[in-house]
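Here's the structure we're looking at; comments come further down.
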Amino acid sequence: MSNIESDGEDWFNKDEEEILRNLQCKVKNKHAEGTEANTEDIEPNTEYALGPSETNEYLHQKRLEASSHLSKEADVKKMTTSQMRKAINLEPLDVFLFVITHEKNFFVHTISSSDGLERVILYLRIWCKVCELELPGFQKELLQYFVNNDIFLEQLRFLTAKLFQKKFKAIWKNVEVVEQILYAMRFLIVRSHKWQLITTKASYIIDHIKKLIEDSDNPDMVQRQLSQQLKFELDRVLKDECKQLNENVDIYPTLNELFKGNGEDCDQIINALKITEKLEVSEYIAKQKRILREDFMIPLRDYVCKLKEFGTAPHGPEIYEDVCIVLNADFNNAKRHEMLFVDVIGKKRPMEEDIKNISLTKQKKKLARDRKLAQKLARGKVSAIKAGSLLLFTTSRNFENLILATVTNTHIYLLNLGYLGIENVRQYNIGTFYDRPLLMFEAPAFFEPYNNVYSCLNTYGEDKLSMKQYIIDGESNVSPPRYLQRTKPYSYDREKLSLDTTKPTKPKSLPLNESQFNAYCKALTHEFCLIQGPPGTGKTHLSVHLVRTLISNAKTPTVIITYTNDSLDKFLLKLSCYTSNILRFGSQTRLPEISKFNVQFQTTNEMVNPCLKRLYYVVNEEFKTKFAIVQQMHSNFDGSEESYQSLLAAQRALRDVQEKLKTIRIMFQFYVARKADIIAMTSTFAARNNFLFRLLQCKIVIFEEAAEILESHVLACLTEYTEHVIMIGDHLQLKPYTSNYGNSLTSQLNISLFERLFVSNLKGYTLNVQYRMRPCIADLIHPTFYTDLKNDYSVNNYPVIRNMDKNLYFYTHFWNV
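If you're matching positions, the sequence shown starts at 1 in full-length UniProt numbering and goes up one per residue.
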């Protein structure tokens with residue numbers, strides 16, 4: 001193999017087809033000379049030496065191993081290097097669609113032990129680019145491919161050996177390529193560890209890569225910042241000291257947790273949840289997850305403890321006695337959300353056979369009337385239960401066992417019959433549950449938003465938290481937005497707008513008072529801005545003109561986030577007077593004027609990448625296969641632990657595929673959203689579809705009524721691409737919604753990010769002229785709450801109320817319970 005060795009650095013830069021041709025010629029020549037290339041002595045599981053003097057031995061072994069496999073791999077059809085060069089220059093989503101729909105599995109069949117250096121680097125960069133999207137349903141599968149691809153892991157070890165050896169220094173003149181390699185390796189390894197997917201083989205390779213860096217004779221490469229970061233992360237992964245974001249990987253309560261009183265260790269929990277400076281991102285995210293989980297668990301634990309001790313809880317959710325969980329009678333033709341139902345009428349439901357067997361007409365009519373009455377009562381009770389709620393089932397108030405299920409189907413037809421569609425997600429100490437009388441109640445807090453935000457926080461990496469310096473580190477000096485072009489000034493309605501900090505000039509057509517204009521300037525020139533608006537000071541009016549300015553200057557979609565659908569619609573109604581290029585996500589629009597902006601009416605297939613249609617077909621077929629498996633397991637369920645675990649695994653696999661389908665639907669919407677000026681949604685929707693922001697690479701996010709939004713919900717709306725955050729609200733008017741205001745722990749939880757930063761060292765700007773209240777009413781809040789609140793002259797001209805002596809009255813009354 002001396003000839004191959006003599007190729008030196010060029011061997012690694014050749015395309016695989018060229019290498020194969022050269023090798024075949026050399027082998028042919030050796031055969032002609034009566035000499036055979038012997039590669040049998042190389043043991044595939046050789047433990048390669050790690051010292052700097054022996055790295056050459058390792059490289060030599062890899063050359064031999066690669067050349068011995070060249071002829072075997074020649075007939076494997078895979079993506080060519082030229083195709084990979086083309087793919088790496090596409091947009092991230094297009095890269096994903098290109099490789100995921102390739103006829104051969106890109107993540108399994110593309111790389112081989114004989115591939116050259118360029119091909120390995122392209123493969124690494126593509127894999128990193130795809131995984132950076134963090135696509136729900138796909139991400140875990142992609143990372144599993146990575147840690148189980150032994151050939152690629154060996155190639156990474158080989159690549160590291162060349163990267164950190166001084167004699168190969170001439171190869172790495174392109175600094176950008178080196179940084180891409182180091183970043184991609186770090187990203188994929190850290191992400192795989194965060195998902196707890198590192199295998200024994202992967203751990204061995206990681207350890208070898210770390211030692212290759214430590215034993216390097218190339219100090220210039222080792223001292224690079226990305227090299228140090230890579231080594232640090234590898235060390236943390238190997239020692240398993242990386243702060244796992246996947247602790248309590250889901251928010252579902254366990255049976256034991258329900259009996260832990262809320263008063264236990266309350267002070268300890270409060271102290272543990274305090275946000276302090278100099279936190280690691282992982283520690284901060286873990287605290288936010290625990291805050292969110294505690295907020296959901298507090299009223300649930302309280303309710304269960306009262307139910308167990310007293311048998312009832314007067315101010316809690318409705319208790320449904322003797323309900324039954326039943327399979328769909330037409331099981332084989334059932335759809336995803338029509339497979340499992342809870343029969344709310346349960347034992348009170350007269351059976352059809354009972355009615356048929358009654359001979360007397362009066363008795364039959366009475367039984368039929370009883371059935372209709374039972375259905376009517378059940379419909380009245382369950383109509384308030386929404387899809388996404390968490391239901392809890394047990395056989396008695398002693399809670400020896402527990403079933404958790406989420407509501408999946410609340411169609412009016414089902415409610416009229418006394419049924420709810422459900423999906424069983426957890427069960428404890430119970431075997432078969434079909435047709436057994438159960439006690440059922442709904443979790444006091446609506447489950448879906450908690451679950452969405454919690455799931456989103458699970459995907460956070462240490463490098464993904466935008467605005468970390470203000471949110472965690474307490475930085476008070478705010479920089480201008482990075483996307484701003486310093487040479488090109490802002491304009492408003494075609495008028496030049498000077499935002500000079502010493503003397504800004506206001507355009508004549510900009511209808512803002514001095515207070516509003518100062519806040520307007522601050523918002524446009526600071527990458528993280530808080531604006532407090534007391535009642536009647538024109539928060540929404542200011543927001544509208546801020547958005548008008550941004551969409552005409554920034555040339556990037558502006559994201560509008562509110563806590564409620566009602567607030568979102570009212571804000572969009574005002575914005576629609578100035579632009580129609582609005583995309584509204586979510587189906588809860590109540591204003592007909594806003595309905596036309598809903599994304600479901602604006603998606604067209606002509607805009608979509610053809611590969612996406614192909615992917616939808618493939619995943620949809622996968623869904624049908626997984627669904628049939630779950631159907632079969634439900635039919636054969638015998639109540640044993642083994643049967644339950646198998647069913648649970650099949651359900652998880654089905655949910656993963658269903659998550660893929662949801663992701664693909666959002667991908668279809670992405671092709672419309674990228675052309676919109678304004679993208680609007682609630683914080684709950686944003687948390688559920690955070691990856692849409694990564695696809696769009698949205699730079700600007702505006703939070704309306706920001707003081708209503710919990711800190712964790714704000715985090716779920718940010719991505720690494722966020723460069724400008726404007727939060728408008730008033731923490732003295734509104735607090736975030738929490739599940740139970742009466743609890744001492746909850747009182748520590750309902751502090752928004754807006755309030756926490758506003759009252760600390762990141763001072764916001766306060767609007768100080770109000771246009772809503774008569775002076776006598778405004779005096780109630782000034783100076784008690786707002787020290788510098790002024791009245792506009794217009795409020796003095798309000799007409800007096802007819803037949804009333806005064807404009808302000810106080811009434812006292814007593815409430816007798």
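Glycine included, each C-beta is placed from N, C-alpha and C at the ideal position.
Is it buried or exposed for residue i, if we count other Cβ within 10 angstroms and need 16 for buried?
{"i": "Arg802", "result": "exposed"}
{"i": "Gln516", "result": "buried"}
{"i": "Ile186", "result": "One point to set straight first is that residue 186 is Arg, not Ile, in the sequence displayed. By the 10 Å Cβ count, Arg186 comes out buried."}
{"i": "Ser216", "result": "buried"}
{"i": "Glu40", "result": "For Glu40, the pLDDT reaches just 35, beneath the cut-off of 50, and the residue's location in the model is therefore unreliable, although a value from the coordinates is still provided. Burial call: exposed."}
{"i": "Gln196", "result": "exposed"}
{"i": "Asn477", "result": "exposed"}
{"i": "Asn45", "result": "Any reading at Asn45 must be qualified, since the residue scores a pLDDT of 36, below 50, and its modelled position is unreliable; the value itself is stated next. With fewer than 16 other Cβ atoms within 10 Å, it is exposed."}
{"i": "Gly311", "result": "exposed"}
{"i": "Val175", "result": "exposed"}
{"i": "Ala384", "result": "exposed"}
{"i": "Met804", "result": "exposed"}
{"i": "Thr787", "result": "exposed"}
{"i": "Met79", "result": "buried"}
{"i": "Ala628", "result": "exposed"}
{"i": "His813", "result": "exposed"}
{"i": "Cys776", "result": "exposed"}
{"i": "Ile42", "result": "Because Ile42 sits at a pLDDT of 31, beneath the cut-off of 50, its placement in the model cannot be relied upon, and the point is left open."}
{"i": "Gln645", "result": "exposed"}
Going along the chain, which residues of its own chain have a beta-carbon closer than 7 Å to the beta-carbon of residue i, five neighbours each way excluded?
{"i": "Gln651", "result": "Val630"}
{"i": "Leu591", "result": "Asp569, Leu573"}
{"i": "Leu715", "result": "Gln288, Leu457"}
{"i": "Asn513", "result": "Val769"}
{"i": "Ala519", "result": "Ile531, Leu542, Tyr765, Leu767"}
{"i": "Tyr798", "result": "Arg774"}
{"i": "Ser595", "result": "Thr589"}
{"i": "Val323", "result": "Val342, Asp343, Val344, Gly346, Leu438, Met440"}
{"i": "Lys308", "result": "Arg397, Asn398, Phe399"}
{"i": "Tyr434", "result": "Ile325, Val326, Leu327"}
{"i": "Thr408", "result": "His337, Ala387, Gly421, Ile422, Glu423"}
Ordered along the chain, which non-local residues of its own chain (more than five positions away) have a Cβ less than 8 Å from that of residue i?
{"i": "Tyr303", "result": "Ala313, Gly316, Pro317, Phe441, Pro444"}
{"i": "Leu143", "result": "Cys131, Leu188, Arg191, Ser192, Trp195, Leu197"}
{"i": "Ile206", "result": "Ile189, Ile198, Leu234, Val237, Leu238"}
{"i": "Glu527", "result": "Met467, Val478, Ser479, Pro480, Pro481, Arg482, Glu723, His724, Val725"}
{"i": "Cys717", "result": "Val559, Ile561, Ser683, Ala686, Ala687, Asn690, Phe693, Val701, Phe703"}
{"i": "Met297", "result": "Pro253, Glu257"}
Under the assumption that residue i contacts residue j (Cβ atoms under 8 Å), give the Cβ distance between them as a whole number of angstroms.
{"i": "Glu134", "j": "Ser466", "result": "Not quite, the Cβ-Cβ distance comes to about 14 Å (not below 8 Å), so this is no contact."}
{"i": "Asn218", "j": "Lys166", "result": "4 Å"}
{"i": "Thr663", "j": "Cys698", "result": "Not a contact, Cβ separation roughly 17 Å."}
{"i": "Met84", "j": "Ile126", "result": "6 Å"}
{"i": "Lys231", "j": "Ile213", "result": "5 Å"}
{"i": "Ile430", "j": "Asn581", "result": "Going by Cβ atoms, the distance from Ile430 to Asn581 rounds to 54 Å, so no, they are not a contact pair."}
Which residues in the same chain have their Cβ closer than 6 Å to the Cβ of residue i, if we skip the five residues on either side of it in sequence?
{"i": "Ser491", "result": "Leu497"}
{"i": "Phe585", "result": "Val599, Met681, Phe685"}
{"i": "Leu340", "result": "Ile422"}
{"i": "Ile471", "result": "none"}
{"i": "Lys464", "result": "Glu720"}
{"i": "Ala523", "result": "Cys529, Leu546, Ile726"}
{"i": "Glu659", "result": "Pro136, Gly137"}
{"i": "Lys735", "result": "Asn750"}
Any beta-carbon of chain C closer than 8 Å to the one on residue i?
{"i": "Lys166", "result": "In the structure shown, chain C does not exist; there is a single protein chain."}
Quick one: is the Cβ of residue i within less than 7 Å of any heavy atom of the ligand SAM?
{"i": "His526", "result": "Although the ligand SAM was asked about, the structure shown includes no ligands whatsoever."}
- Query: Does the region 692-712 come within contact of the region 727-742, defined as at least 3 CB pairs closer than 8 Å?
  - Reply: Counting Cβ pairs under 8 Å, three or more are found: they touch.
- In chain order, which continuous runs of the alpha helix (DSSP H) of length 4 or greater are located wholly inside the region 726-813? 746-749, 753-758, 775-778
- Counting only runs that start and end within the region 276-347, where is the alpha helix (DSSP H) found for 4 or more residues in a row? 281-310
- Message: Restricting to runs no shorter than 4 residues, where is the alpha helix (DSSP H) found entirely within the region 441-492?
- Response: DSSP runs (the alpha helix (DSSP H)) wholly in the region 441-492: 447-458, 468-471.
- Task: Pick out the complete alpha helix (DSSP H) segments inside the region 83-131, 4 residues or longer, and give them in chain order.
- Result: Runs of the alpha helix (DSSP H) lying entirely within the region 83-131, each at least 4 residues long, are 92-100, 106-109, 117-131 in chain order.
- Query: Any chance the region 104-123 sits against the region 632-646, with 3 or more Cβ pairs inside 8 Å?
  - Reply: As far as the Cβ criterion goes, the region 104-123 does not touch the region 632-646, which means the pair count is below three.
- Task: Kindly provide the ranges of any beta strand (DSSP E) runs that are 3 or more residues long and lie completely inside the region 523-559, ordered along the chain.
- Result: 528-532
- Message: Under 8 Å: do the region 220-233 and the region 384-396 share three or more Cβ pairs, one atom per stretch?
- Response: Under the 8 Å Cβ criterion, the region 220-233 does not count as touching the region 384-396, having fewer than three qualifying pairs.
- Message: Going residue by residue through the region 581-636, where are the continuous alpha helix (DSSP H) segments of at least 4 residues, counting only ones entirely within it?
- Response: 592-595, 610-635
- Which parts of the region 181-222 are runs of the alpha helix (DSSP H), unbroken and 4 residues or longer, counting only runs that do not cross its ends? 200-214, 219-222
- Item | Residue ranges of each beta strand (DSSP E) within the region 657-739, 3 or longer | 678-682, 700-704, 724-729
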